[in-house]
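Numbering (the working numbering), first residue to last: 83 to 1080. Built from N, CA and C at the ideal position, the CB exists for glycine as well.
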């Protein structure tokens, strides 16, 4: 019992060490669990929402649309739980200018169901549900009416899926028709699209670089009123996928098994079958056209034959009358009247030659008969010519049918191809990666500080340990006094850390996340396993340091422990050997120098602890500086143009005329801009940027006219980049990169996320959904957005644009019909404010779909999620620095109590004692700051490895002010600690402190 009482008394006396260890553990566990828990809560709530709304696991698209046969084939694939045929149509409407939307049929099989936020779901034809983004932009509300106009390419299959038949129609076959939706619409509900969780009322409204939609809005309509049997896509749910977390590798493996099966025989067979359907439909149309033409020709021939027969009968009648009259005259001049009567009673018989001669004579003598014969002959001639022409046309179409119908292609995609899904996943993964990296520094500092504190604590009880061991107590029992002390401090600190880690920090992060994404059903959850492991990690580290400190003392005999520890042997420091310097240092300065450099462990612990904390602060500020400069670097340095204007293909000419007539443009470049995807297969065959890399990135595909390839460098700064060590990159000389016809130039932001480099092979998807394998000729410096630049000729080569294959030698690319230049990059005159106002005014024009001012984007760019995490990290790093300095200062004082008492006996005033002790701590702090500043920059330079986010590349930069802030903050913490240490120095009693231990 006395042993326990003494142990508790010792614990109470060492309360400062207890608080230090508990606080370091609290901060470490909070950092370790907090960011992880916040991301995990977001992951889990999103996964539950996706499962509830039936977000598809696999989506199948086709360049020729999908038929009922395709849907039936997909249902037979092993591992497919549900298949839903999707019908959609692109429409336009007037909303402060022309806007586009996708009319999406609400599936009846429970897949991709919109989440109702307000009102009710549409049930009747003409009713729709819209997103909150549309409500915010349009000012409309539930009950408002809207009229839309179907686009000429109204569905995803209109451009590449429809094949012209023999009669020039645009139907794919005799039975399949493209989807068609009602045009008179009434809003009855506000919904959340499960494929895009972006919050239109939050921070994401400002981050236009995250926009991946090909249309401005999505309208959801019921099946009632929707016509057409041709499907734009098919969505699938995979068996067992709902039981896995959609963000885990196990989910990806489950889905991949099904996509591999579809990519196998099903895809190949249905592509062939679908093309054969199109061929059969074309042949049927040709056969129907031939049968219809034959029928029309037969009817026309029958009419001509009837008219000719009537004409011949009329002529024969005249011939007979003339022949009879001639015979009667001859008989009157004959022998008797009886013969004359007999001759007059019968028509004379004429041979065919005589009759034909008489016909010709009669027709020639009559203008009416002559005209009638000419008309009949002309009609017959025209009919024969039409028959020959029609037959030739049909034969030509038969010959051209196979070449005019391209090979059908299927595209099998998973959730990674959804821009909203991949953006959310990458955001959370990147923040979680920071949460995995920073606790390592906290753990190292915790072990160092625990070793320092517990080693001093054991050393102070040196004689008491010898007494207990001499009395027969086992070394383990004696060591348990310190092990339990450290364990209790870790458990209490860890428990408080779990509260902060699973409640405080996640609540803070989720507030920021909800400003970017809408996450229905979000709640905080505790992870028993991760929380327990988090505490155990720090417990093991601190106990290991405590055991080491105990072993170092207890391996001595009790007699040695009962005697005071011999003072360290005197030794010279390096500075003493530099006589010119040493001789000019005062007495107290020499004492300070010896105290600093003779005690190596204290030097290493103090400098290392302060350096680690300073490095954390610098690293956090580096992230902040990097994010703050992203907009300036991208929209003022990389983008040299001031304005980007995009229009619909049909309005491209009107858009250019409008911009030119305004007189604000000093120089411009016409381009074609499409929303697409860049995919790395990850086969590891060397085609990708790195073996095993995989993923998909939403891109902006920019096609440049062949005659103006050199002008691209005047609008965009072209600088090649190459991968460096530890995720860094090297930037080449400005202007050394040129766009050519041998490959595409990929933005660094996309290349870094997917591991793509110069020479890699990637799969590009253009705005029509057509995919092609392209070579990456270079990677261009780019921080925001994922631009892929391609020449007009290489675009034609990739996507089989037949009209563009000879544009390189054409007179002018402007006159070429290969591509419609639907966008313009322009440099403007005037101030930033006037440029922003001009871009806003352009968007009100009906011919302009989108106008973006680089000046406005540079000023308004924000990335609040990263800023919030930076603030959290800097705050925790500052707290750690304060605890470290407090622990080291108290340990320093406890080690030198007799020294401080001696100074007081020698007549030092309290202020002089303060200065004597604090000067050493300040020098050690300065040394730690000097080491920590470059260390923080080094750690910050490695951030690009952890922060691979869609459409963003972190070109790490640390401003001089950040170094100053980190240094000043650390020194301020040191001065604050002095306020706590000085009263301790004042309370030192020289008499009791100088009593002999003997």
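Close-in-space but distant-in-sequence residues of the same chain around residue i (CB under 8 Å, 5 per side omitted)
i: residue 1002; result: 674, 677, 678 and 974
i: residue 130; result: 603
i: residue 830; result: 803, 811, 861, 862, 863, 864, 865 and 1035
i: residue 870; result: 758, 760, 781, 782, 783, 784, 826, 827, 828, 829, 832 and 846
i: residue 1011; result: 692, 693, 696, 1048, 1049, 1052 and 1053
Supposed close pair residue i, residue j - CB separation, criterion 8 Å
i: residue 277; j: residue 500; result: 5 Å
i: residue 959; j: residue 938; result: At roughly 35 Å, the Cβ-Cβ gap does not stay under 8 Å, so residue 959 and residue 938 are not in contact.
i: residue 535; j: residue 103; result: 6 Å
i: residue 108; j: residue 694; result: The pair is not a contact, with the Cβ atoms about 17 Å apart (cut-off 8 Å).
i: residue 153; j: residue 165; result: 6 Å
i: residue 902; j: residue 793; result: Going by Cβ atoms, the distance from residue 902 to residue 793 rounds to 18 Å, so no, they are not a contact pair.
i: residue 591; j: residue 112; result: Contact flag wrong, Cβ pair sits at about 12 Å.
i: residue 193; j: residue 319; result: 6 Å
i: residue 548; j: residue 657; result: The pair is not a contact, with the Cβ atoms about 37 Å apart (cut-off 8 Å).
i: residue 483; j: residue 364; result: 5 Å
i: residue 906; j: residue 738; result: 6 Å
Residue i, buried or exposed, once every other Cβ within 10 Å from all chains shown has been counted against 16
i: residue 779; result: buried
i: residue 395; result: exposed
i: residue 223; result: exposed
i: residue 1073; result: exposed
i: residue 593; result: exposed
i: residue 969; result: buried
i: residue 878; result: buried
i: residue 439; result: exposed
i: residue 646; result: exposed
i: residue 292; result: The predicted model places residue 292 with a pLDDT of 45, which falls under 50 and marks its position as unreliable, so this point remains unresolved.
i: residue 991; result: exposed
i: residue 487; result: buried
i: residue 221; result: exposed
i: residue 610; result: exposed
i: residue 330; result: exposed
i: residue 622; result: exposed
i: residue 637; result: exposed
i: residue 790; result: buried
Residues of its chain near residue i, where Cβ-Cβ distance is below 6 Å and the 5 sequence neighbours each way are ignored
i: residue 77; result: Because the chain here runs from 83 to 1080, residue 77 falls outside it and cannot be looked at.
i: residue 390; result: 458
Cutoff 7 Å; reference residue i; Cβ partners in own chain excluding five residues on either side
i: residue 216; result: 299
i: residue 670; result: 998
i: residue 160; result: 343
i: residue 538; result: 973, 976 and 977
i: residue 185; result: 170, 171, 173, 263, 301 and 303
i: residue 606; result: 123, 584, 585, 588 and 589
i: residue 995; result: 982, 985, 986 and 1067
i: residue 1075; result: 979, 980 and 983
i: residue 441; result: 397 and 401
i: residue 510; result: 121, 124 and 125
Any C-beta of chain B under 8 Å from that of residue i
i: residue 949; result: Absent from the structure: chain B. Only one protein chain is present.
According to DSSP, residues forming a beta bridge with residue i
i: residue 165; result: 318
i: residue 869; result: 782
i: residue 907; result: 726 and 751
i: residue 197; result: 274
i: residue 802; result: 862
i: residue 377; result: Residue 377 pairs with nothing; no bridge assigned.
i: residue 303; result: 187
i: residue 175; result: 181
Next item on the list: Just list the beta strand (DSSP E) runs in the region 93-149, keeping only unbroken ones of 3 residues or longer that don't cross its boundaries, in chain order.
Entry: 140-148
Check: Unbroken alpha helix (DSSP H) runs of length 4 or more, entirely within the region 1032-1080: which are they?
Finding: 1042-1068 and 1072-1075
Checklist line | alpha helix (DSSP H) runs wholly inside the region 696-747, at least 4 long, in chain order | finding: 734-744
Margin query: So within the region 558-596, which uninterrupted alpha helix (DSSP H) runs reach at least 4 residues, ignoring any that extend past its ends?
Written below: 587-596
Note to self: Which runs of the alpha helix (DSSP H) at least 4 residues long sit entirely within the region 912-946? Give them in chain order.
What the structure shows: 914-925 and 936-942
Notebook entry, point to check: In chain order, which continuous runs of the beta strand (DSSP E) of length 3 or greater are located wholly inside the region 472-510?
Noted result: 492-496
Next item on the list: Only counting runs of 4 or more residues, tell me where the alpha helix (DSSP H) segments fall wholly within the region 949-1023, in order along the chain.
Entry: 979-987 and 992-1023
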